[in-house]
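Scroll down for the structure; my scribbles are underneath it.
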Amino acid sequence: MQLKFSTEVRSSLREVKVGFNRDLFLQLKPFFLKLELDRFDGCERGNEVHLRTGVPGFLQPWISHIVEDSFTENSWSFVDVGASLPFPLRKWKHRHEVRVTASGTSEILDQIEYSSGSRLLDVMLYAPLWVVFAGRAPIYRKVFGSVN
26 MQLKFSTEVR
36 SSLREVKVGF
46 NRDLFLQLKP
56 FFLKLELDRF
66 DGCERGNEVH
76 LRTGVPGFLQ
86 PWISHIVEDS
96 FTENSWSFVD
106 VGASLPFPLR
116 KWKHRHEVRV
126 TASGTSEILD
136 QIEYSSGSRL
146 LDVMLYAPLW
156 VVFAGRAPIY
166 RKVFGSVN
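In short: position in the sequence shown from 1, add 25, done, that's my numbering.
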């Protein structure tokens, strides 16, 4: 299954790139999940993110590897792939991309591909994952400035 989100922010491409750090990662945590961040190397190829997430009392490990990154004058992107995922996920690929818009602002794109191995379960996971990623837009706007 796939999810796609787009958020326009006022900050420049370079400001957004610098702002994608450990602090932002922790701010993006959904309010209803517990998250313990054990390792955050950054957003470049070869980096890793290790966390434990879930509901209080039942945390599961999640390890993602940054498998690619790219930076040009007009865009910056990186891709994390799940190496160790919490049940019921079996596959996870998250492409983060920031593009310079025609008006000089930045557009943050989140493109997620996931699978549990069951089409029915994937469909059931869609709504909760949609809520998690839709909740990033107000945080991005708070951190990087709202475009009005």
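Just so you know, even glycine gets a beta-carbon here, dropped at the ideal spot from N, CA and C.
Note that the structure is predicted; figures quoted are calculated from it, not measured.
Problem - Inter-stretch contact at 8 Å, needing at least 3 Cβ pairs: the segment 98–105 / the segment 118–129 - result: Contact annotation: the segment 98–105 touches the segment 118–129, with at least three C-beta pairs closer than 8 Å.
Exercise for the section: Verify whether the separation of the beta carbon atoms of Tyr-165 and Val-34 is less than 8 Å. Expected result: Locating residue 165 in the sequence shown gives position 140, where the first residue counts as 1. Locating residue 34 in the sequence shown gives position 9, where the first residue counts as 1. Contact: yes.
Problem - Near the ligand ADP: Leu-84 beta-carbon under 7 Å from a heavy atom - result: Judged by which ligands are present, the structure shown has none, so any question about the ligand ADP falls away.
Practice task
Could you say if the segment 74–88 and the segment 132–149 meet the contact criterion of at least three C-beta pairs nearer than 8 Å?
Solution key: no
Exercise for the section: Please report the residue range of the beta strand (DSSP E) in which Pro-153 lies. Expected result: Here the question's residue 153 lines up with position 128 in the sequence shown. Element bounds for Pro-153: not the beta strand (DSSP E) but the alpha helix (DSSP H), 144–159.
Practice task
Give the DSSP bridge partners of Ser-100, in chain order.
Solution key: Position 75 of the sequence shown, counting from 1, holds the residue named residue 100. Paired residues: Arg-124.
Handout entry: Rounded C-alpha distance that separates Lys-174 from Asn-173
Key = It is not possible to answer for residue 174, since the shown part of the chain is limited to 26 through 173.
Problem - Every unbroken beta strand (DSSP E) within the segment 52–117, with a cutoff of 3 residues, ordered by chain - result: The qualifying runs are 59–65, 73–80, 83–96, 100–109.
Practice task
State buried or exposed for Trp-155, treating a residue as buried only when at least 16 other CB atoms are found within 10 Å of its CB.
Solution key: Stepping through the sequence shown from its first residue, residue 155 is reached at position 130. Taking every protein chain shown into account, the CB of Trp-155 has fewer than 16 other CB atoms within 10 angstroms, so this residue is exposed.
Exercise for the section: Return the CA-CA distance between Val-41 and Ser-128, expressed in angstroms with no decimal places. Expected result: Looking up residue 41 in the sequence shown gives position 16. Looking up residue 128 in the sequence shown gives position 103. The alpha-carbon atoms of Val-41 and Ser-128 are separated by roughly 16 Å.
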